[in-house]
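Sequential numbering from 1 applies to the sequence shown in the UniProt record's numbering.
Below you'll find the structure, written out as structure tokens, and then a few comments.
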Amino acid sequence: MSEVYSIEPKTCGKVIIYTSLGELEILLFSNECPIACKNFIQLCLNNYYNKNKFFRIIPKFLIQTGDHTNTGLYNEYAFKEPFKNECNSRLKFLYMGCVAFANLNIDSPSNGSQFFITLDKSEWLNNKSTLFGKVAKHSLYNLIKFNNIKTNKNDEPIEDIPYIEYVKVIENPFHHLIPSIHYKEDKIKQKTEECSEIKPKKSLKPNLLSFAFEGSDADQEEEKEEEKVEEKGEEKVEEKGEEENEDEKGEEEKEDDNEEEEKGEAEMEAEMEAEMEAEMEAEMENDQEEDEHAEEKQAKIDLLKKKTTEIEKLNPKKNKSPSSLKEITDLDEEYLKKIKKHKKMSKKEREKESLKKLKEFDNRLKELFSKNGLNKK
């Protein structure tokens, strides 16, 4: 392990994940993996990981989380796009507690919000996943608890599913990152945009999929349809009229969607205001508690001062001469010098000193016995 830590770069940044099984303090490699760490810290500041379950647990291998649907099928992006792997030759999966992002493809950018923590050495993951942090030594005891959780054949926890209570950013190396106030509103807009993009695809057949490699089949079918439309000019005119009606209906649906979006935004603003008020009240209560603790401490200090004054009054003839104080200081200095010498000495020198002291002690005992006449038998 000493070799591992000598090779590893220094960490820069700290995050504490409060789980149902205890705290996990994570140290970040922000200099080596800046994009991954920015993505992780931004999601933490946005409270994205709160109440997320560990949906995948493989004892003595890894635990995985980062999907608010708790299915492992959803990936959130802090900056609206997935990012590529950031591999570093000095960062390797050589011990328990490595924190890395879960990706779908090594070559193309597919990293998002899902991440995993290793429960053992996993060298075969080197250069395949972005290792952006590690669990601190004192938190490894809480990480070991995940090995005792029961799972099914699909590596899903069955009983007492562990989850993330909340995440706290202790050291943020990226000072420009702040919690996004309109994070929930942006998510609603993204969903509405996705819905609006899906609507015009109603003309596709149910057995066709919107993958790039199936574009040739779709093009052939479109060409056949165009040939049929050219042969039947009258039917084409009727179809255009129907399309215009559909466009009008689509515009009406969009207007309804916009109204729903406005309502949703108003509700989100009200929720955010309520949360801010609750936070302010909690801060006020904490300040009041701190003031009460300070008053209690001051009262204890005053009691101690009174007791010391009473003790001094009871012993007015106590020797407070400067000579006695000098003797005490001299003894302290001698004691400190002896300790320094003892620390600088080698093992052999210490053994010699201890033997000398034992001999002196034996000689004193013999002198005492000789004076009392106990050595004569």
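Don't be surprised by glycine CBs; every beta carbon is placed ideally from N, CA and C.
**Message:** Can you look up residue 65 in the DSSP assignment and give me helix, strand or coil?
**Reply:** strand
**Message:** Pairs of beta-carbons, one from the segment 47-57 and one from the segment 148-167, closer than 8 Å: are there three or more?
**Reply:** yes
**Message:** Starting from residue 12, trace the beta strand (DSSP E) in both directions and tell me its first and last residue.
**Reply:** Where residue 12 is concerned, there is no enclosing beta strand (DSSP E), given that its DSSP letter is neither H nor E.
**Request:** Report yes or no: do three or more beta-carbon pairs, one from the segment 131-143 and one from the segment 89-106, lie closer than 8 Å?
**Result:** yes
**Asked** Which residues in the same chain have their Cβ closer than 6 Å to the Cβ of residue 85, if we skip the five residues on either side of it in sequence?
**Response** 130
**Request:** Compare the beta carbon distance of residue 35 and residue 93 with 8 Å and say whether it is the shorter of the two.
**Result:** no
**Prompt:** Would DSSP call residue 351 helix, strand or coil?
**Reply:** helix
**Request:** Report back the beta-carbon spacing between residue 116 and residue 64 to the nearest angstrom; my notes put them in contact at under 8 Å.
**Result:** 4 Å
**Distance, residue 275 Cα to residue 287 Cα** = 19 Å
**Length of the line joining the Cα atoms of residue 168 and residue 14** = 9 Å
**Asked** Nearest to residue 19 by CA position, among 29, 139, 372, is which residue?
**Response** 139
**Message:** Quick check on residue 26: buried or exposed, where buried means 16 or more other Cβ atoms within 10 Å of its Cβ?
**Reply:** buried
**Message:** How far does the beta strand (DSSP E) with residue 43 in it extend, from its first residue to its last?
**Reply:** From DSSP, residue 43 is part of no beta strand (DSSP E) but of the alpha helix (DSSP H) over 34-45.
**Request:** Compare the beta carbon distance of residue 97 and residue 143 with 8 Å and say whether it is the shorter of the two.
**Result:** yes
**Best match in 78, 137, 123, 141 for proximity to residue 110 [C-alpha to C-alpha]** = 78
**Asked** Which partner residues does residue 115 have in the DSSP bridge list?
**Response** 65, 101
**Request:** Give the straight-line distance between the Cα atoms of residue 329 and residue 368, rounded to the nearest whole angstrom.
**Result:** 33 Å
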